[in-house]
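Read through the structure below, which is laid out as structure tokens, and then see the notes.
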Amino acid sequence: MTRLILLRLVHGVPLLLAVIIVCFLMLQMIPGDPVQAMVGDFPVTQAFRDSIEAKYRLNDPILTQLGSYLLNFAQGDFGFSFQNQMPVLDLILERLPRTILLAVAGFVVAIPVGLVVGLIAGLSPSRRADRIWTTLTLIAFAIPTFWLGQLLVMMFALKLDWFPTQGIGPFVSRAHGVDWLLERLHYLALPVAVFVVHEGARAARIMRASVQETLSQGYIVNARMKGLTRGEIIRKHLLRNSVLPVVTTSGYAFASTLGGTVLIESVFTWPGLGLLLVDAVRARDNMTVVGVVVVAAAMVIVVNLLVDVIYALTDPRVRSAR
Amino acid sequence: MTSPASSRSAAPGRSGFLRSLYDVFAQVMATSHGSFGVIILTILTVTAIFAPIIAPYDPIALTDDSLAPPSWTYLFGTDNLGHDIFSMVVYGARSSLIVGLSTALASLLLGGVMGMLAGYYRGVFETVLMRVAELFQTLPAIIIVLFLVSLFGSSFWLLLAAVALAIWPLQARLVYGQFIRLREADYVAAAIVAGLPVRHVILREMLPNAMQPIIVQVALDASIAILIEAALGYLGISDPNMVSWGQLLYEAQNFMSEAWWMSIFPGAAICLAIVGLNMVADGLNEAADPKSGSASRNFHD
Amino acid sequence: MIDVHERGSPSRPDGESGDAPLLRVEGLDVRLHVGATSVHAVRSVDFLVRRGECVGVVGESGSGKSTLARAVMRLMPNVSRVELGGAIIFDGRDLMTLPGAEMRKLRRKSGFSMVFQDPLGFLNPTKRIWRQVAEALSERPGGDRPFARVVKLLEEVGLPEPERVAKRYPHELSGGMRQRVVIAIALASEPQLLFADEPTTALDSTVQLLVLDTLRRLHRDRGTGMVVITHDLSVVAELCDRVYVMRGGEVIESGATVDIFEAPEDPYTARLIELSRASHTLGAAKLCAPASG
Chain A
137 MTRLILLRLV HGVPLLLAVI IVCFLMLQMI PGDPVQAMVG DFPVTQAFRD SIEAKYRLND
197 PILTQLGSYL LNFAQGDFGF SFQNQMPVLD LILERLPRTI LLAVAGFVVA IPVGLVVGLI
257 AGLSPSRRAD RIWTTLTLIA FAIPTFWLGQ LLVMMFALKL DWFPTQGIGP FVSRAHGVDW
317 LLERLHYLAL PVAVFVVHEG ARAARIMRAS VQETLSQGYI VNARMKGLTR GEIIRKHLLR
377 NSVLPVVTTS GYAFASTLGG TVLIESVFTW PGLGLLLVDA VRARDNMTVV GVVVVAAAMV
437 IVVNLLVDVI YALTDPRVRS AR
Chain X
29 MTSPASSRSA APGRSGFLRS LYDVFAQVMA TSHGSFGVII LTILTVTAIF APIIAPYDPI
89 ALTDDSLAPP SWTYLFGTDN LGHDIFSMVV YGARSSLIVG LSTALASLLL GGVMGMLAGY
149 YRGVFETVLM RVAELFQTLP AIIIVLFLVS LFGSSFWLLL AAVALAIWPL QARLVYGQFI
209 RLREADYVAA AIVAGLPVRH VILREMLPNA MQPIIVQVAL DASIAILIEA ALGYLGISDP
269 NMVSWGQLLY EAQNFMSEAW WMSIFPGAAI CLAIVGLNMV ADGLNEAADP KSGSASRNFH
329 D
Chain D
643 MIDVHERGSP SRPDGESGDA PLLRVEGLDV RLHVGATSVH AVRSVDFLVR RGECVGVVGE
703 SGSGKSTLAR AVMRLMPNVS RVELGGAIIF DGRDLMTLPG AEMRKLRRKS GFSMVFQDPL
763 GFLNPTKRIW RQVAEALSER PGGDRPFARV VKLLEEVGLP EPERVAKRYP HELSGGMRQR
823 VVIAIALASE PQLLFADEPT TALDSTVQLL VLDTLRRLHR DRGTGMVVIT HDLSVVAELC
883 DRVYVMRGGE VIESGATVDI FEAPEDPYTA RLIELSRASH TLGAAKLCAP ASG
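Protein chains in written order, with our numbering: chain A, 137 to 458; chain X, 29 to 329; chain D, 643 to 935.
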């Protein structure tokens, strides 16, 4: 078990290094001035040009450049954002918690909804009912999140005025206690609704397939042979075994959501990592772009590691394997 | 004794590549999801090809009315500048389908060749492919594309390349998995032992039998590509010189309270394309495993 | 005590042995519909099991022998529709018209149960053995007591170190051990009738003997009625008083095991016997003693 965790950790570090190296090589491939390539489309003063050249050793051989590039990352120096006039790392640390809040809130609501829908669909006895569920979840999953967000804003924010159109909260919040919490939920409601439709549909599709797969297993027949009731079979045999695959795939989906809920954050102007990336791409603020990409990769690697560990803990076959 | 295993060992795809392509098509049409998906995709393709005939207005020309609601004159209404939205949606089918088709085929070619080499020869090919695929999968496709677009610009061709580069590992992994599995099959082993040339073994024995999952992946790749293209348009980052559904949604953002039609129709078009492709994929999967869906029946007695 | 030959004669009316038979199947027809195709899996089969008797059902795969057992227990395979005809009388009750909840109670407690082949597939991979056996117990005592009862059951089916086995997961046991766990599960509800569907097929030959031994002992000690479904005639010879030979969904021959072994009437039966002799070098067919009910 510990070996499994260690193995995956040892695996993750070179992977992250590789991501940084690829970013470095990509920057090298941009034709023209290397300083401009790193900084983006911002005007550069001679003094700043000199400092960048010294810091990243741009006049040295390429391997030395790569070394100093990696070293800067290792020391937590992700560069400087010209657009925002602050260090990239500070920017990321400011944005990251908001993305985490959004992703956690979204998944906490979406996955249970998806599991229940998938369970109902998987258990439905008639072929027609099953087909209707499959079609509905397929359409729900196919709706682009940004379009759905737009529709929700048009309906529930602009027309009905139930929820705010965008943002994470008022600039100065005077609410406290329960009111403060309600205020937060008020701003979270529409983005979370998008998660429920998209991620919920994904989870429901996997859950449905998983339930049917589990139902075809011998131990379900054996459980019926034992004379267990429907409810007992669902509780004692079906749920655990069919939820497992959903946990893994939803975990991976959660990881990439942390890496950047680019679209949902853009629709609702939710100032997280994803929006930071989009703004940086628009402004060609390349140091910020690279910084967000590296942090996103790190998030994905870490969360995937956690998912694998959780999976190993819940499945006795994997647990005893090492 | 006839067992399922022995009937499988007679290579079903002997008659070759095109035949198996036709078989797959016939299978898709036999399922309700699949045939529905094919109908949707056919409508979209016809729309894209005959866009100049179908569209009543030039998509970039201005009409006299701006922000006109849907009517018989302007089926889907007009935007703030007076473009006819129906005509733009019709022309938008071209960009979406070109992006979807070309990137799916590019990743089929790239991923297919890499996957075949890795699955057939194993060894170095395998190691390299798995590492590269892993590297790509540490990032969501949309972020990879955003990264590349930020660095190299967002002209149409760069966009195509970026999307293909972001999604090819999916196809590579799938083909690799299929080839690993097929190498174990009796008829493939027999063909190799019989000294048939590698080209023959791969193209005539293995590929036809991996056709079904590969085509499923092509459909899924195309849907991801169309979604990414639309997303970039929506973010205002794609090539401004083309008419695309995503860009229409980008424009719609500023008129959400006064012109719902600017948002509804282009979004529905994206949705339709993605539903169509996913239905084809579903239909193929269902055709491959017709048992699914009956397992719960006896649970209810 | 009734002589094996007399007990075995199927032509004999049931009333004479004093009480009604445990299971009587008359003119059973089973049609399975899978999508557009349908299979007539069982064709007007008459079948009888007396209390405490061990009956064999022999046939190749696809002969309808498993479907027969599953139809009685109403545990049909996953197909789109099942059509049943005929009568199934168990312990004086008509199973054809019995509501689902009553069927469940019969499987739950002192009715019938089934030992499946491929024991790995029939055990839940994520639950410890003792929990899987405990949930089949006819009475469900609270606290620590189910564990103790499970251990007793595991001991009864001949598992060494039952306490340790009880706490294991299925994948940690050998095939023979798993098969005996599946037998323990089937016994946990204290059934009057036990169906054993290919109980030894998935096992090595040495383990097969152990499992056969276990089944024979249980049949003798508990007096449970038993139906052994197998393609392997030597298994029937080991365990059963009477035997039904099935082919293409029909019973083509039935009678006392000794009679059929010595003088098969149907050429198909004769061929089955020859095949089994050839593969097993059966020698003298050892017949199990009638249950001392």
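Don't be surprised by glycine CBs; every beta carbon is placed ideally from N, CA and C.
Bear in mind the structure is a predicted one, so any value in this text is a computation, not a measurement.
Note to self: Taking CB distances under 8 Å as the criterion, tell me whether Asn306(X) reaches chain A.
What the structure shows: For Asn306(X), the answer is yes, since a Cβ of chain A falls inside 8 Å of its Cβ.
Item checked: Near-chain A residues of the segment 764 to 796 of chain D (beta-carbon distance less than 7 Å), N- to C-terminal order -> Result list: Phe764, Leu765, Asn766, Pro767, Thr768, Glu777 and Ala778.
Note to self: In whole angstroms, give me the CA-to-CA distance for Leu95(X) and Phe293(X).
What the structure shows: Going from the Cα of Leu95(X) to the Cα of Phe293(X) covers about 14 Å.
Next item on the list: Express the C-alpha separation of Ala169(X) and Ile400(A) in angstroms, rounding to a whole number.
Entry: In a straight line, the C-alpha of Ile400(A) is about 15 Å away from that of Ala169(X).
Next item on the list: Have a look at the DSSP bridge pairing and note the partners of Val945(D).
Entry: For chain D, the structure presents residues 643 to 935; residue 945(D) sits outside this window and is missing.
Next item on the list: Please state whether DSSP places Asp93(X) in a helix, a strand or coil.
Entry: Note: Asp93(X) maps to coil in three-state DSSP.
Next item on the list: Return helix, strand or coil for Tyr886(D), following the three-state DSSP convention.
Entry: It is a strand residue.
Notebook entry, point to check: Taking the continuous alpha helix (DSSP H) assigned at Gly120(X), which residues delimit it?
Noted result: That run of the alpha helix (DSSP H) goes Ile113 to Tyr149.
Notebook entry, point to check: What does Ile827(D) touch in chain A if you count any residue whose Cβ is under 9 Å from its own?
Noted result: For Ile827(D), the residues of chain A that pass the 9 Å Cβ criterion are Asn358, Met361 and Lys362, in the order they occur in the chain.
Check: Does Thr270(A) get closer than 8 Å to chain D when you measure Cβ to Cβ?
Finding: No, Thr270(A) lies away from the interface with chain D (no Cβ there is under 8 Å from its Cβ).
Check: Got a sec, what are the start and stop residues for the alpha helix (DSSP H) Ser187(A) sits in?
Finding: First-last of the alpha helix (DSSP H) with Ser187(A): Gln182 to Lys191.
Notebook entry, point to check: If we cut at 8 Å on Cβ distances, does Ala448(A) have a partner in chain X?
Noted result: Contact with chain X is absent for Ala448(A), since none of that chain's Cβ atoms lies less than 8 Å from the residue's Cβ.
Check: Comparing alpha-carbon positions, which option in Arg366(A), Val438(A), Phe218(A) and Lys362(A) lies nearest Arg144(A)?
Finding: The option with the nearest alpha carbon to Arg144(A) is Val438(A).
Next item on the list: Taking C-beta pairs closer than 9 Å, name the residues in chain D that Thr384(A) reaches, listed in chain order.
Entry: Chain D residues near Thr384(A): none, gap ~14 Å exceeds 9 Å.
Next item on the list: My understanding is that Phe160(A) touches Leu202(A), with C-beta atoms under 8 Å, so please give their C-beta distance in whole angstroms.
Entry: For Phe160(A) against Leu202(A), the beta-carbon gap comes to about 6 Å, under 8 Å, which counts as contact.
Check: What span of residues does the beta strand (DSSP E) with Glu781(D) cover, start to end?
Finding: Per DSSP, Glu781(D) is not a residue of any beta strand (DSSP E), being assigned neither H nor E.
Notebook entry, point to check: To the nearest angstrom, how far is it from the Cα of Leu852(D) to the Cα of Val885(D)?
Noted result: Straight-line Cα distance between these residues: approximately 22 Å.
Checklist line | Positions along the segment 368 to 384 of chain A whose CB lies within less than 9 Å of some CB in chain D | finding: Correct list: Glu368, Lys372, His373, Arg376, Asn377 and Leu380.
Notebook entry, point to check: Taking the continuous beta strand (DSSP E) assigned at Ser896(D), which residues delimit it?
Noted result: The continuous beta strand (DSSP E) containing Ser896(D) extends over residues Glu892 to Ala898.
Check: On the three-pair Cβ rule with 8 Å, is the segment 183 to 203 of chain X touching the segment 127 to 145 of chain X?
Finding: Between the segment 183 to 203 of chain X and the segment 127 to 145 of chain X, the count of C-beta pairs closer than 8 Å reaches three or more; the two stretches touch.
Next item on the list: Report the three-state DSSP secondary structure of Arg938(D) (helix, strand or coil).
Entry: Here chain D comprises residues numbered 643 to 935, so residue 938(D) is not present and cannot be evaluated.
Item checked: Length of the line joining the Cα atoms of Arg418(A) and Ile141(A) -> Answer to the nearest angstrom: the Cα atoms are 39 Å apart.
Item checked: Any C-beta of chain X under 8 Å from that of Phe282(A) -> Contacts with chain X at 8 Å (Cβ-Cβ) include Phe282(A).
Checklist line | Inter-residue spacing [alpha-carbon to alpha-carbon] between Ile446(A) and Ala239(A) | finding: Answer to the nearest angstrom: the Cα atoms are 19 Å apart.
Notebook entry, point to check: Going by the beta-carbon positions, is the gap between Arg810(D) and Ile871(D) smaller than 8 Å?
Noted result: No, the Cβ-Cβ distance between Arg810(D) and Ile871(D) is not below 8 Å.
Check: Hey, is Pro32(X)'s beta-carbon within less than 8 Å of any beta-carbon in chain A?
Finding: For Pro32(X), the pLDDT reaches just 37, beneath the cut-off of 50, and the residue's location in the model is therefore unreliable, although a value from the coordinates is still provided. Under the Cβ distance rule, Pro32(X) does not count among the residues neighbouring chain A, no pair being separated by less than 8 Å.
Item checked: Span of the beta strand (DSSP E), counted from its first residue to its last, around Phe160(A) -> That residue, Phe160(A), is in no beta strand (DSSP E); its alpha helix (DSSP H) goes Thr138 to Met165.
Checklist line | Extent of the continuous beta strand (DSSP E) run through Ile871(D) | finding: Its beta strand (DSSP E) spans residues Gly867 to Thr872.
Notebook entry, point to check: Who are the neighbours of Asp451(A) on chain D, taking C-beta pairs under 7 Å?
Noted result: The answer, in chain order, is Thr768.
Next item on the list: Assess, as a yes-or-no matter, whether the segment 136 to 149 of chain X is touched by the segment 409 to 418 of chain A under the definition of 3 or more beta carbon pairs within less than 8 Å.
Entry: By the Cβ rule, the segment 409 to 418 of chain A does not count as touching the segment 136 to 149 of chain X, because fewer than three pairs are nearer than 8 Å.
Margin query: Given a cut-off of 8 Å on the beta-carbon distance, is the pair Ile915(D) and Pro906(D) in contact?
Written below: Yes. Within cutoff.
Check: Mapping DSSP to helix, strand and coil, what is Asp863(D)?
Finding: DSSP places Asp863(D) in the helix class (H, G or I) of the three-state scheme.
Next item on the list: With a threshold of 16 other CB atoms inside 10 Å of the CB of Asn422(A), please say whether the residue is buried or exposed.
Entry: Buried.
Notebook entry, point to check: Contact check, Val271(X) vs Gly120(X) under 8 Å by CB: the rounded distance?
Noted result: Taking the Cβ atoms as the reference, Val271(X) lies roughly 5 Å from Gly120(X), within the contact range of under 8 Å.
Notebook entry, point to check: Contact check, Leu125(X) vs Gln199(X) under 8 Å by CB: the rounded distance?
Noted result: Contact flag wrong, Cβ pair sits at about 19 Å.
Margin query: Give the list of continuous alpha helix (DSSP H) stretches no shorter than 4 residues that lie fully inside the segment 175 to 240 of chain X.
Written below: Counting whole runs of 4 or more residues, the segment 175 to 240 of chain X contains the alpha helix (DSSP H) stretches 184 to 211 and 214 to 221.
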